[in-house]
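This report concerns only the one structure given below.
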Amino acid sequence: MRSRPWLLLLPGLLWLGAFFLLPLAIIAVVAVADRGAPVAWGFGWSAFGRLWDPLVVPVLWRSAWIAAAATLGCLAIGYPLSYFIVRRPKRSRRLWYFLVLIPLAANSLVLLYAWTTILRPAGLLENLAGRLGLLPEAGFGLLWSPPAIIIGLVYWYLPFMVYPVYASMERFDFRLLEAAADLGAGVRTSVVRVLWPQTLPGVVTGCLLVYMQTFCSFVVPDLLGGAKTLMVGNLIQQRFLSLPQDWPLGAALALAVVAALAVVVWISMRVQSRLEG
Amino acid sequence: MVPAVELTGVGKELGGQKVVRGVDLSIREGEFFSLLGPSGCGKTTTLRLIAGFETPDEGAIRIRGRGPGRRPAFAREVNLVFQNYALFPHMTVWANVAFGLEMERRPKEEIRREVEAILALVRLEGLEGRYPRQLSGGQQQRVALARALVTDPAVVLLDEPLGALDLKLRKDMQIELKALQRRTGVTFIYVTHDQEEALAMSDRIAVMHEGRVLQVGTPEEIYERPQTRFVAHFIGETNLLEGRLRPGGNGVVEVESDGLAFAVGGGGRSSGDEQVILTVRPEHLVVGRRLNGGLENRFAGEVVASAYHGSERMVHVRIGNGVVLRSRVPNGSAELPDPGDAVEVGWPAAAARLVSPD
Amino acid sequence: MNAPAEDRLFGWKGRGLRLGLGVNAALVYGFLYLPVVVLMVFSFSGSRYATVWGGFSVQWYVRLLDNQVLLSALRTTLVLAVCATLLATVLGTMAAFGLRRLRGRLRGLLETWFFLPVLVPDLVLAIALLMFFVLVAQLQLGLGTLIIAHSVFCTAYVAAVVGARLKGFDDRLEEAALDLGATRWQVFTRIKLPLVWPGILGGALLSLALSLDEFVISFFVTGPGATTLPIEIYSMVKRGVTPEINALATLMLLASIVLATLSILIQSKNSS
Ligand SMILES: Nc1ncnc2c1ncn2[C@@H]1O[C@H](COP(=O)(O)OP(=O)(O)OP(=O)(O)O)[C@@H](O)[C@H]1O
Ligand SMILES: [Mg+2]
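Residue numbers (the numbering used here), protein chains in the order written: chain F, 1490 to 1766; chain U, 14 to 371; chain X, 615 to 886.
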């Protein structure tokens, strides 16, 4: 049996080859095809030309900065949260950790839907603020704005940050903090110069995962963003499912996104291997 | 003179268990002081209490007369060499050693000078740019030492610093450590469970057992004049005999055990008729077919075993009451008895000591 | 009582750090569970408006039972989840066992390859599959394409979970059993399976939970007559809010939480 791993691997490899690798390759093929119903088979770069549309470029730009903001948000609350969890007593630690992961496993739309009821005009948040006398005349105007998207993205993708950061903190040898304190380092120096560099690989992985996912998220901007704050995910979805369809442009967009993300991944892998010496 | 470190009545409970109980210690400036005891007796905990990683439940700790030791660890002038070194893996040797000086905000030039000097002292020149994982165990150990020494602390605490090294390197490092301590004059508190190491290196030793300090003294005192059964048993090898005390004449007391009487020198305690424990080291026992006179203790017995230990032989002799005594006989001495031989075993009264049960 | 490590190391600054961490944690857990609570509370509201409390009532749950559209969507969702999970469990488990046998670079490469469907953003996978089904395979979009699509990312998850379990498996156990005269088959059924089944079951449950909740990929590769619950919820949200969604969402959320918790509990069963 030891000598025949391929027998076990073959079904999975074939299945994923047919229904994962091949479909991914088709993105590239369609991106250089012509527009048709839905695709006309001719070779050309016209779809990439349509990328420079004044309607497309701002969306790409917005996706980039909203994803960056969401990633930073996840890091800002996820890093201290991971530290908090790691420092719980061994037995309750698992529970605290699962409490973060469970909304991810139940990553349903329904939670985003709940956010719309909280953030909408005259929704729960404005109700509460109104009772406290904190509501401005015009309301917060949160829903259908970039802040709402960022809140939703942080909410949905926080576990992607906590997962690797927590893992790297669990590997961290907390005696190193003792060593730092022993040598006279205060709390800030110990965290910045010992804990942070040691957990940086986890941070890089976390940022990468969150950035990739948030950049082409489609549901969050669709439900929380509205028509004026499209992200690239919405654009791709529209080109495929709404009229007028333009599959080559959709595929080209996806390709551009994947390429951009690949560059990000490549850079951070370089950074990471530098970190690990 | 103010002691470098002073512990009075220090107690500590961890996980519902009294790990350190009523420890009194006074460690002098410039001393090489060892905490010796079996695994789990509370040595590391005592050290962590001094370093400030733990706070004592009772008692007080003073460092150079300053106390009570409620100051957090980062504000204490003691430095610890951790059991597994705890070097910062993402920093070079240089950065590791410079860390403490940077925390004191010393000027750059001074840091450079100090680090260079200490690296030369521990013989690590040329390795400044390496990372800890690129060093051998002995080199890592020396980096940890340099890192602890460079800020010129009142006390350096060392937690089994040689525990991870192989026997040969261990012996070399023992000598090096001792020499280094002499040269720098810094107070060392050294934790080990290796009695030979403690005897070879220390100015004074505290023997710990189940969270208590049983005896403090120079290596000679600890070895030659153990005060409790545990100390006698733990340090080196010994023969232990239980019996009842009987007053005897001219500064000698007698212990009666199963019908045999043993003479013990150095009297002092002769209140009579109490249960006592007697200890005598194997090297003080003489074995021979016929022993000459002059030994206060002389018994007929039979050799039951004889084990070869290189430069010496351990001869086990069963005497009248069924007790087996061990005698250390240098190899190459005239006659070596074989198992089954009828022999005599004896020792002078002055070599035996009474110890208290723990 | 033992003072926390930060206090002993850093004094009052350590206490400050712990306070900050505690406050952050409280806020984050509040943030994570706020929508869950809102959803559940309002599913019992008697009001017709989804965000106005109108007294306790279970009417929305009762109404769900009459809603033929939702019931048929539920049926589709369950059939899809079960089929995709069965496929994924078989393929993923075999792959995990196979990967374990490989050595060196190839193993790392293939491990990444099997995990890739999890890393690729769901939208990219969704359009890729859509184009593949329509342009290349020329399949009728519907339940069949849904099952294939779900099986792709579910296989990746199962392979990862079972693989993690196998990592803790000591190869020497297998050698010891062989040494004691067990056949390969006996080694598999008596030694490996008992040690690995929590991984397989955990992976299957995770796959079930993920499939039940999957929206983006389903949205793209579904066809007429194959509407899943998440798709139905999406269109309900888009059409306008009725409190029925609260009830439905609460039930789905509970199902996911139960499945996810079970999966995690089983996976951590007698592992180190
Ligand atoms: N954090 C803790 N919680 C509970 N019990 C502890 C803790 N730390 C140590 N102990 C217990 O306290 C006792 C003494 O531990 P300590 O580490 O001081 O021993 P030691 O003398 O250094 O042993 P070794 O030679 O093995 O290093 C042990 O029985 C240990 O199990
Ligand atoms: Mg110890």
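For every residue, glycine included, the Cβ atom is placed at its ideal position computed from N, Cα and C.
Verify whether the separation of the beta carbon atoms of residue i and residue j is less than 8 angstroms.
{"i": "residue 1651(F)", "j": "residue 1589(F)", "result": "yes"}
{"i": "residue 359(U)", "j": "residue 308(U)", "result": "yes"}
{"i": "residue 877(X)", "j": "residue 837(X)", "result": "no"}
{"i": "residue 62(U)", "j": "residue 38(U)", "result": "no"}
{"i": "residue 243(U)", "j": "residue 623(X)", "result": "no"}
{"i": "residue 1515(F)", "j": "residue 750(X)", "result": "yes"}
{"i": "residue 774(X)", "j": "residue 826(X)", "result": "no"}
{"i": "residue 830(X)", "j": "residue 1603(F)", "result": "no"}
{"i": "residue 295(U)", "j": "residue 252(U)", "result": "yes"}
Answer with buried or exposed for residue i, where buried requires no fewer than 16 other C-beta atoms within 10 angstroms of its C-beta.
{"i": "residue 56(U)", "result": "buried"}
{"i": "residue 626(X)", "result": "exposed"}
{"i": "residue 92(U)", "result": "buried"}
{"i": "residue 765(X)", "result": "buried"}
{"i": "residue 1497(F)", "result": "buried"}
{"i": "residue 322(U)", "result": "exposed"}
{"i": "residue 1735(F)", "result": "buried"}
{"i": "residue 89(U)", "result": "buried"}
{"i": "residue 53(U)", "result": "exposed"}
{"i": "residue 320(U)", "result": "exposed"}
{"i": "residue 1562(F)", "result": "buried"}
{"i": "residue 1758(F)", "result": "exposed"}
{"i": "residue 13(U)", "result": "Missing from the structure shown is residue 13(U); chain U here goes from 14 to 371 and no further."}
{"i": "residue 328(U)", "result": "buried"}
{"i": "residue 67(U)", "result": "buried"}
{"i": "residue 1731(F)", "result": "exposed"}
Residues in the same chain with beta-carbon distance under 7 angstroms from residue i, minus the five sequence neighbours each way, listed in chain order, please.
{"i": "residue 1709(F)", "result": "1601, 1638, 1641, 1642 and 1645"}
{"i": "residue 100(U)", "result": "109, 145, 153, 156 and 157"}
{"i": "residue 861(X)", "result": "657, 674, 675 and 678"}
{"i": "residue 304(U)", "result": "311, 357 and 359"}
{"i": "residue 50(U)", "result": "56, 206, 220, 221 and 222"}
{"i": "residue 159(U)", "result": "110, 131, 132, 135 and 137"}
In chain order, what residues of the same chain have a beta carbon less than 6 angstroms from the beta carbon of residue i, not counting five sequence neighbours either side?
{"i": "residue 82(U)", "result": "Since pLDDT at residue 82(U) reaches only 49, below the 50 mark, its modelled position is unreliable, and the value read off the structure follows with that caveat. For residue 82(U), where only same-chain residues beyond five positions count, the Cβ hits under 6 angstroms are 74."}
{"i": "residue 254(U)", "result": "270 and 291"}
{"i": "residue 175(U)", "result": "183 and 186"}
{"i": "residue 1718(F)", "result": "1635"}
{"i": "residue 1536(F)", "result": "1520, 1737, 1738 and 1741"}
{"i": "residue 1665(F)", "result": "1683"}
What residue range does the beta strand (DSSP E) around residue i cover?
{"i": "residue 357(U)", "result": "355-360"}
{"i": "residue 321(U)", "result": "310-321"}
{"i": "residue 7(U)", "result": "Past the boundaries of the shown model lies residue 7(U); chain U is included only from 14 to 371, so the question cannot be answered."}
{"i": "residue 387(U)", "result": "The requested residue 387(U) is not part of the displayed model; chain U covers only 14 to 371."}
So that I know if they touch, is there some Cβ in chain F lying closer than 8 angstroms to that of residue i?
{"i": "residue 805(X)", "result": "no"}
{"i": "residue 635(X)", "result": "yes"}
{"i": "residue 655(X)", "result": "no"}
{"i": "residue 628(X)", "result": "yes"}
{"i": "residue 735(X)", "result": "yes"}
Short of 8 angstroms in beta carbon distance, which residues of its chain neighbour residue i, apart from the five on each side in sequence? Order them along the chain.
{"i": "residue 148(U)", "result": "106, 140 and 156"}
{"i": "residue 43(U)", "result": "17, 198, 199 and 200"}
{"i": "residue 620(X)", "result": "628, 629, 631 and 632"}
Could you tell me whether the Cβ of residue i comes closer than 8 angstroms to any Cβ of chain X?
{"i": "residue 85(U)", "result": "yes"}
{"i": "residue 1737(F)", "result": "no"}
{"i": "residue 93(U)", "result": "no"}
{"i": "residue 88(U)", "result": "yes"}
{"i": "residue 82(U)", "result": "Legend: pLDDT at residue 82(U) = 49, less than 50; position of this residue unreliable, value from coordinates given subsequently. Taking Cβ atoms only, chain X never reaches closer than 8 angstroms to residue 82(U), which makes this a no."}
Comparing the CB of residue i with every heavy atom of ligand 4, is any distance shorter than 7 angstroms?
{"i": "residue 54(U)", "result": "Of the ligands this structure carries, namely ligand 1 and ligand 2, none is ligand 4."}
Can you name the start and end residues of the alpha helix (DSSP H) that residue i belongs to?
{"i": "residue 654(X)", "result": "626-657"}
{"i": "residue 222(U)", "result": "Run containing residue 222(U): none in the alpha helix (DSSP H); it sits in the beta strand (DSSP E), 217-222."}
{"i": "residue 866(X)", "result": "858-881"}
{"i": "residue 155(U)", "result": "150-162"}
{"i": "residue 1641(F)", "result": "1635-1660"}
Give a yes or no on whether the minimum CB-CB distance between residue i and chain U is below 8 angstroms.
{"i": "residue 1672(F)", "result": "yes"}
{"i": "residue 1659(F)", "result": "no"}
{"i": "residue 1523(F)", "result": "no"}
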